[in-house]
């Protein structure tokens with residue numbers, strides 16, 4: 001184990017230099033010398049550090065123990081080991097995470113028993129902890145951190161650093177009481193507060209098999225709770241403690257309270273709703289004292305009331321394994337480290353999460369924003385270059401927050417019905433133009449010359465043809481024109497998307513715009529991660545409406561009177577109906593009126609011109625003609641494969657000596673499918 005070149009003698013971070021700057025959350029650059037090196041330590045180059053509510057309390061000197069300034073906070077750290085002591089248990093290059101504990105004595109009964117969190121000599125906090133050489137520990141809003149190797153936990157490869165960082169404090173803070181509180185099958189567990197702590201607590205309880213409930217002061221977190229797996233009927237809105245206590249009396253085996261409000265309703269709400277021998281665990285840390293209550297409130301039902309402080313290294317490792325197995329996710333947003341002061345202020349102002357001790361986060365969607373010009377350009381780029389498979393997919397509608405005046409129901413229905421008919425008529429017309437261009441003996445130029453005349457440019461229609469094409473390769477260019485014009489319709493949809501919240505009915509108005517999407521998406525438009533990021537944020541609903549229907553589906557609107565779920569079902573039905581009518585109507589015929597047969601070696605496009613395979617299944621590069629079209633045909637939508645017979649959706653049958661996966665001497669191309677792109681060709685002699 002060795003030191004990596006370039007580890008500085010002093011570490012740099014963002015610190016509150018005194019109480020004044022701390023209360024103002026004005027963090028400035030600060031360099032410090034870490035504690036004296038020993039072979040039990042590791043140096044970690046920090047890549048991620050999320051914000052915890054503890055940081056606010058510490059920076060602003062809000063807790064009973066006075067803050068020691070200068071103070072660099074941050075104890076949800078992910079980074080890479082760049083220096084490892086011989087007794088640290090780590091090697092250089094390992095990705096690790098550090099939570100709120102950076103060290104312990106290692107010799108007391110608690111440390112020896114595996115509960116180092118409660119070290120009898122005092123656990124050493126990742127920031128504000130006291131090292132043996134007298135130095136004050138500094139946290140993760142920095143370039144490096146030095147901690148005991150035992151408290152640097154290896155991060156499973158299945159977890160991203162952004163996902164794992166909040167788990168190092170918020171995650172273990174909730175996993176510990178949920179696990180030790182007995183959460184499991186047959187147990188009813190209530191999580192108070194649905195913020196940075198609560199959203200993870202809900203996921204842990206669900207992962208362990210418990211029946212999960214969420215308690216919140218309003219319905220603003222209902223959508224979040226449902227996304228986390230809480231049933232709607234298990235979402236408890238507590239506006240009046242006494243009424244809520246009566247309704248849910250003697251219900252829960254365990255309550256984990258993540259709230260840090262000043263007047264926790266311990267005996268007015270939490271104790272009454274617990275079962276006999278139930279358990280209440282506090283993990284939020286308010287700056288004020290917990291309200292007093294009589295001992296009878298505990299004794300009468302045998303209630304256990306206590307707290308929980310993070311968790312030992314062994315439990316953190318266990319928690320990370322549970323996160324991998326049950327796909328537990330932290331809800332986060334990413335920002336450059338030099339924005340930490342602003343993000344702390346945002347969190348204090350309730351722009352992160354106002355309910356709980358919390359790592360910095362913001363909701364996935366922000367209602368009715370005003371996207372910048374750059375955001376609009378990026379969105380347009382994505383529409384122009386998005387994969388066809390994503391464009392032609394449907395999915396459930398977005399939740400929306402409309403505002404402003406609405407159209408009348410009748411006007412809106414006529415609007416979307418007319419828009420749908422006009423758009424499909426235009427696309428159908430363009431289809432026939434494209435097929436005519438593709439099947440004209442002289443391609444698109446011949447078609448144009450027949451209808452409008454080419455004048456002095458007639459010579460272009462006599463351009464030499466490739467020997468394996470019957471029509472000019474401009475058939476492919478015509479299809480490119482169709483896609484381009486389709487994108488113009490999409491741009492009109494974008495305009496409607498921007499004004500929709502002001503004119504459309506409540507259940508259907510688009511009104512949410514995700515500003516966290518762009519960094520992941522536009523760094524690499526073609527990457528799998530980008531497509532997943534785009535899809536997961538709900539943009540599939542926009543494409544479903546814009547591309548397949550050229551607008552909102554009338555059936556979705558009609559069914560919406562029966563609720564959102566019915567609207568989704570209507571949308572799905574409408575999608576199948578409209579797709580079936582229009583795409584079957586647009587089925588093309590090839591030059592011989594049916595289909596073509598090619599010999600072995602034929603190229604075929606299986607998903608548009610981006611992916612090409614030959615008859616042996618090998619992937620090929622796209623072959624472009626001089627005119628920019630593609631010299632390939634497309635096989636789509638076989639209704640049935642039986643032996644060596646292929647049945648088209650029209651019921652016709654033909655014979656091929658080999659079928660698709662084991663192509664041999666010949667291949668039958670069936671042009672009967674979903675918006676196929678074709679260029680007819682002649683069979684080689």
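Numbering (full-length UniProt numbering), first residue to last: 1 to 685.
Every residue gets a Cβ at the ideal spot worked out from N, C-alpha and C, and that includes glycine.
- Per DSSP, reduced to three states, the secondary structure at residue 233 is helical.
- Annotation for residue 326: 203, 206, 207 place their beta carbon closer than 8 angstroms to its own, counting only its chain and skipping 5 residues before and after.
- For residue 95, DSSP records a beta bridge to 80.
- Excluding sequence positions up to five before and after residue 55, its CB lies within less than 6 angstroms of the CB of 73, all in the same chain and listed in chain order.
- In the structure shown, residue 154 adopts extended strand secondary structure according to DSSP, grouped into three states.
- Note on geometry: alpha-carbon atoms of residue 129 and residue 183 lie some 32 angstroms from one another.
- Using a C-beta cut-off of 8 angstroms, the stretch 162-175 makes contact with the stretch 43-58, since at least three inter-stretch Cβ pairs fall below that distance.
- Pairing residue 232 with residue 255, the inter-Cα distance amounts to about 18 angstroms.
- In this structure, residue 77 keeps its C-beta atom at 8 angstroms or more from the C-beta atom of residue 104.
- Residue 320 and residue 156 do touch by the CB rule: their CB atoms are close to 6 angstroms apart, below 8 angstroms.
- Around the Cβ of residue 283, a 10 Å sphere holds 16 or more other Cβ atoms; the residue is buried.
- For residue 257, the uninterrupted beta strand (DSSP E) segment begins and ends at 252-257.
- Residue 91 and residue 102 do not touch by the CB rule: their CB atoms are close to 19 angstroms apart, not below 8 angstroms.
- Taking C-alpha positions only, residue 314 is separated from residue 114 by approximately 8 angstroms.
- Linking residue 70 to residue 120 through their CA atoms gives a straight-line distance of about 27 angstroms.
- With contacts defined by Cβ atoms closer than 8 angstroms, residue 143 and residue 12 form a contacting pair.
- Boundaries of the alpha helix (DSSP H) around residue 19: 19-23.
- Taken in chain order, the unbroken stretches of alpha helix (DSSP H) that lie wholly in the stretch 97-156 and span 4 residues or more are 109-112.
- Taken atom to atom, the span from the alpha-carbon of residue 288 to that of residue 307 is near 15 angstroms.
- The beta-bridge partner set that DSSP reports for residue 214 consists of 191, 235.
- In the DSSP secondary-structure assignment, residue 46 is bridged to 79.
- For residue 202, the enclosing alpha helix (DSSP H) stretches over residues 198-207.
- In the same chain as residue 10, and ignoring 5 residues on each side of it, the C-beta atoms closer than 6 angstroms to its own belong to 31, 33, in chain order.
- When Cβ pairs closer than 8 angstroms are counted between the two stretches, the stretch 186-195 is seen to touch the stretch 241-252, the count reaching three or more.
- Taking a C-beta distance under 8 angstroms as the contact criterion, residue 192 and residue 259 qualify as a contact pair.
- Assigned with DSSP and collapsed to three states, residue 293 falls in coil, not helix or strand.
- Among the bridge pairs identified by DSSP, residue 281 is matched with 256, 306.
- Taken through DSSP and simplified to helix, strand or coil, residue 14 comes out as strand.
- Per DSSP, reduced to three states, the secondary structure at residue 41 is strand.
- Secondary structure at residue 262: coil, using DSSP grouped into helix, strand and coil.
- The Cβ atoms of residue 81 and residue 145 do not sit closer than 8 angstroms to each other.
- Nearest to residue 162 by C-alpha distance, out of 332, 345, 349, is 332.
- For the 8 angstroms CB-CB criterion, residue 19 and residue 61 form a contact.
- A direct Cα-to-Cα measurement between residue 147 and residue 138 gives close to 10 angstroms.
- The alpha carbon of residue 226 has as its nearest neighbour, out of 194, 239, 181, 135, the alpha carbon of 194.
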